[in-house]
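*Asks:* According to UniProt numbering, the sequence shown holds residues 1 to 154 in order.
Glycine residues also receive a C-beta, built at the ideal position from the N, C-alpha and C atoms.
Sharing a structure, written as structure tokens. Questions coming.
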Amino acid sequence: MKYVCTVISVADISAARKFYEELFGLEVYQDYGRNIAFTCGLALQQDFDWLVSIPKEKVLKKSNNAEIVFEEQDFDGFLNKLKAYSEIEYLGEVIEHSWGQRVIRFYDLDEHLIEVGEDMQMVVKRFFASGMTMEEVSAKMDVSIEDLTKLLNS
1 MKYVCTVISV ADISAARKFY EELFGLEVYQ DYGRNIAFTC GLALQQDFDW LVSIPKEKVL
61 KKSNNAEIVF EEQDFDGFLN KLKAYSEIEY LGEVIEHSWG QRVIRFYDLD EHLIEVGEDM
121 QMVVKRFFAS GMTMEEVSAK MDVSIEDLTK LLNS
């Protein structure tokens, strides 16, 4: 068995496609009209109720029980790009987790929760640039030196 993709329900396939292509730079793998699959494994489905044979009112919005997660090397640049989307509803401000990664959470056009975080390699490099040692970074992030080394070499 192999994992294929995650499908999310969208009201307007064209608007959702444009949003994910422009804001996140996703590339379309397959386009079936009301279903679009991106190369990353995310798929958009208009008429989700029809696809899975459930009543339209059972397709919930803003369920807050899952999130679509992206990492960005140029996190500050992404935040500036995000400002162009005035219709975005944010789930708070940028936060920095205890392990040092900065993240922002917001809802897409169909109220799916999205997290965009600073690329973890960039977090480690930021710590090194501030003068921290590998041992200090390991302690700060609660990650083994071996796993940090794997991250840096990936």
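(1) Should the region 32-47 be regarded as contacting the region 133-140, the criterion being three or more beta carbon pairs within less than 8 Å?
(2) Would you decide whether E96 is buried or exposed? Buried here means 16 or more other CB atoms lie within 10 Å of its CB.
(3) In this structure, does DSSP put E146 in helix, strand or coil?
(4) According to DSSP, is A11 part of a helix, a strand, or is it coil?
(5) Which full runs of the alpha helix (DSSP H) of 4+ residues lie inside the UniProt domain "VOC" (2-119), going along the chain?
(6) From the DSSP output, in three-state form, read off M134 for me.
(7) What does a CB cutoff of less than 8 Å around Y3 pick up in its chain, not counting 5 residues either side in sequence?
(8) Is L79 near Q121, with beta carbons less than 9 Å apart?
*Replies:* Taking the definition as stated:
(1) no
(2) exposed
(3) helix
(4) coil
(5) 13-24, 48-52 and 75-82
(6) helix
(7) G41
(8) no
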